[in-house]
Amino acid sequence: MIRFVAAQSSHLDAVVSIEQQSFPDDAISRRSFRRFIDASSAEFYVAVEGSEVVGYTVVLFRNNTNLARLYAWVVKQSARGQGIGRQLLQFAEHLADERHCLFLRTEIATSNKLAETLLSEDGFHVIELREAYYPPSATQSTDALVLQKLLPRYELGEDSGVGATDEYVPMLTQTTEFTCGPASLLMAMDYFDCPSANPAAEELEIWREATTIYMTSGHGGCGPHGLARAAYKRGLTVRVEVNTDSPLFIESVRQTQKKDVMQRIQEADMQYLREHNVPINVRDYNVDLLKQDLAAGALVMALISTYQFDGVRAPHWVLICAADDDFVYINDPDYDTLPWESSTQRQYLPIPIGTFNKAFGYGGRKQKAAVVLAAN
1 MIRFVAAQSS HLDAVVSIEQ QSFPDDAISR RSFRRFIDAS SAEFYVAVEG
51 SEVVGYTVVL FRNNTNLARL YAWVVKQSAR GQGIGRQLLQ FAEHLADERH
101 CLFLRTEIAT SNKLAETLLS EDGFHVIELR EAYYPPSATQ STDALVLQKL
151 LPRYELGEDS GVGATDEYVP MLTQTTEFTC GPASLLMAMD YFDCPSANPA
201 AEELEIWREA TTIYMTSGHG GCGPHGLARA AYKRGLTVRV EVNTDSPLFI
251 ESVRQTQKKD VMQRIQEADM QYLREHNVPI NVRDYNVDLL KQDLAAGALV
301 MALISTYQFD GVRAPHWVLI CAADDDFVYI NDPDYDTLPW ESSTQRQYLP
351 IPIGTFNKAF GYGGRKQKAA VVLAAN
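When the letters of the sequence shown are read in order and numbered with full-length UniProt numbering, they come out as residues 1 to 376.
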């Protein structure tokens, strides 16, 4: 039976021996291993079978980031083929997850097909090829693959947090660069058992109904009142949460004529909502209020700024599906917002609450907008 034990000085002879046998041209030094034992930025564990060290792992952390690095992950040659490598890998993921890291990243030689297969089967994805990364060696390629895995996943169940607990909210990728809001609404419609018969067509129809301004330049996306109007017309229970009672994002357009069009459209949407008794709350809609809505069975479309993720100050609608003490979980309809490999990884994407608080709100005035959706 394999046990994982925090590395001590008494383990160093065995660890260094395994390291030198495995990587004779690029072995980690004893001095480095000794430093990892006491470093607060490292987790260094050995795999022990009986009284014998049969492997080890080193996971490195960097302050103020959500990224962990799988720096070492090695099994003794005589103990390979017994599943110990997979156990070590899963334990390393556990160490990173315990520190609330979003990602675990590692590098392997392109010639190491066994490790590549194991990592791929475990959910890692190749994100980069680094040429001449390793020193010249007779045993491995000098080029390296950089692989990365998203660690925290929202698990359905009563103890997982607040939000969808019986089934996952379906994932839908927007088909244009400007229909994140309609795509988010279509996901909610599907979850609340009123799916569209033709999502691609209705995505554009919702955008046509809900867009704030119909012009070739300026703000061309959907505002909260327009999306709420479209959601109400499609049979959902709707509430709008904004932190101003004035039309939003007017300052993003310079021309007076365009400002006037934006204001008229938003005022028409707000008048429609008032006539149909759709609540419009003007307040600071924070994470505590968000969690209350999720606990009551609602989903929340939120307008965020993508600056926290890609350095570009762009407004973007996402669908919030769940939350716990550490993360807000979103379905992100845009495949370009973050460097994720697939739509599966953008479903229930964990966003640290601190990051979400910075991203929730757009523009210099930090204008907040959310649309709370529930079944009718």
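No residue lacks a Cβ here, since even glycine has one placed at the ideal position from N, Cα and C.
Distance between residue j and residue i (C-alpha atoms, nearest Å)
{"i": "residue 41", "j": "residue 247", "result": "47 Å"}
{"i": "residue 329", "j": "residue 13", "result": "44 Å"}
{"i": "residue 341", "j": "residue 274", "result": "The predicted position of residue 341 is uncertain, since its pLDDT is 45 and thus under 50; a value taken from the coordinates is nonetheless stated next. About 42 Å."}
{"i": "residue 209", "j": "residue 81", "result": "59 Å"}
{"i": "residue 169", "j": "residue 195", "result": "12 Å"}
{"i": "residue 190", "j": "residue 282", "result": "28 Å"}
{"i": "residue 301", "j": "residue 295", "result": "15 Å"}
{"i": "residue 188", "j": "residue 255", "result": "35 Å"}
{"i": "residue 197", "j": "residue 143", "result": "48 Å"}
{"i": "residue 339", "j": "residue 327", "result": "Residue placement at residue 339 cannot be trusted, given a pLDDT of 44 that sits under 50; the coordinates are not used to answer."}
{"i": "residue 380", "j": "residue 181", "result": "Residue 380 is absent from the model: the chain starts at 1 and stops at 376."}
{"i": "residue 351", "j": "residue 237", "result": "26 Å"}
{"i": "residue 96", "j": "residue 104", "result": "7 Å"}
{"i": "residue 202", "j": "residue 155", "result": "30 Å"}
{"i": "residue 86", "j": "residue 28", "result": "21 Å"}
{"i": "residue 23", "j": "residue 303", "result": "49 Å"}
{"i": "residue 161", "j": "residue 31", "result": "43 Å"}
{"i": "residue 153", "j": "residue 222", "result": "30 Å"}
{"i": "residue 305", "j": "residue 91", "result": "35 Å"}
{"i": "residue 215", "j": "residue 262", "result": "With a pLDDT of only 49 at residue 215, under the threshold of 50, the placement of this residue in the model should not be trusted, and no figure is reported."}
{"i": "residue 270", "j": "residue 299", "result": "21 Å"}
{"i": "residue 371", "j": "residue 259", "result": "23 Å"}
Proximity of residue i and residue j at Cβ, strictly below 8 Å
{"i": "residue 84", "j": "residue 2", "result": "yes"}
{"i": "residue 55", "j": "residue 76", "result": "yes"}
{"i": "residue 15", "j": "residue 4", "result": "no"}
{"i": "residue 234", "j": "residue 279", "result": "no"}
{"i": "residue 88", "j": "residue 117", "result": "no"}
{"i": "residue 368", "j": "residue 242", "result": "yes"}
{"i": "residue 348", "j": "residue 276", "result": "no"}
{"i": "residue 363", "j": "residue 178", "result": "no"}
{"i": "residue 316", "j": "residue 266", "result": "no"}
{"i": "residue 206", "j": "residue 172", "result": "no"}
{"i": "residue 119", "j": "residue 147", "result": "yes"}
Selection from the options that minimises the alpha carbon distance to residue i
{"i": "residue 286", "options": "38, 9, 255, 320", "result": "320"}
{"i": "residue 130", "options": "175, 108, 120", "result": "108"}
{"i": "residue 324", "options": "149, 11, 163, 69", "result": "163"}
{"i": "residue 46", "options": "270, 27, 29, 8", "result": "8"}
{"i": "residue 174", "options": "160, 150, 193, 199", "result": "199"}
{"i": "residue 106", "options": "288, 93, 100", "result": "93"}
{"i": "residue 110", "options": "172, 145, 276, 270", "result": "145"}
{"i": "residue 71", "options": "43, 318, 184", "result": "43"}
{"i": "residue 61", "options": "101, 35, 26", "result": "101"}
{"i": "residue 307", "options": "67, 359, 245", "result": "359"}
beta-carbon residue i near the ligand COA non-hydrogen atom, thresh 7 Å
{"i": "residue 12", "result": "What this structure holds is no ligand at all, so the ligand COA is not there to describe."}
Buried or exposed by the 16-neighbour rule on C-beta atoms within 10 Å, applied to residue i
{"i": "residue 354", "result": "exposed"}
{"i": "residue 166", "result": "exposed"}
{"i": "residue 157", "result": "exposed"}
{"i": "residue 176", "result": "exposed"}
Query raised in the report: Which ranges does the beta strand (DSSP E) cover as unbroken runs of at least 3 residues, wholly within the segment 282–355, from first to last along the chain?
Result: Correct list: 299–305, 315–323, 327–331, 349–352.
Requested in this report: Please specify which runs of the alpha helix (DSSP H), each continuous and at least 4 residues long, are wholly inside the segment 13–95, giving them in chain order.
Outcome: Qualifying alpha helix (DSSP H) stretches, in chain order: 30–38.
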